[in-house]
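Trainee:
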Amino acid sequence: MPLDFTKLDHSVLEPALPSPTSLGRGRHFVQIYREDASLVNAVATFLSLGIRSGDAAIVIARPDHICDFEAAVSSSGADLEAARDLRRWRTIDSRELL
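So the sequence shown is numbered by the numbering used here: it starts at 25 and just counts up by one.
#1: Is V97 near L71, with beta carbons less than 8 Å apart?
#2: Helix, strand or coil: how does DSSP classify D92 here?
#3: For V64, which residues from the same chain have a beta carbon less than 6 Å from its beta carbon, with the 5 sequence-adjacent residues on both sides left out?
#4: Excluding the five sequence neighbours on either side, which residues of its own chain have a C-beta within less than 6 Å of the C-beta of A68, listed in chain order?
#5: Just to confirm, are R119 and R76 a CB contact at a threshold of 8 Å?
#6: Per DSSP, V83 is paired with what?
#7: Exposed or buried, which one is A106 when buried takes at least 16 other CB atoms within 10 Å?
#8: What does the alpha-carbon distance come out to for the pair T115 and S100?
#9: Between I90, D79, I56, D60, which lies nearest to R111 when the distance is taken from Cα to Cα?
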């Protein structure tokens, strides 16, 4: 029997964004997305909460996503320049890493 995706409750596909404190140190999560805007919003929210609370972040992503994340995190009030200077913000091009 084939699944009828038209009756699927889409709220289960978009779970609440975990907070850095709910994940605990050294943990991670995977964000599945349909549009770049939803990815940027979810990731930037998570990153800005962490940076503003004094945590560190390592972002491994495509360069275009890194730019979007940095713009969104900066606009949230997080000081990325200070985080970089304190070695609490690091970005890595995922294509180069692979």
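Where a beta carbon is used, it is the ideal one built from N, C-alpha and C, also for glycine.
Mentor: So, from the data block:
#1: yes
#2: helix
#3: D92, A96
#4: F93, A96, V97
#5: no
#6: T115
#7: exposed
#8: 18 Å
#9: D79
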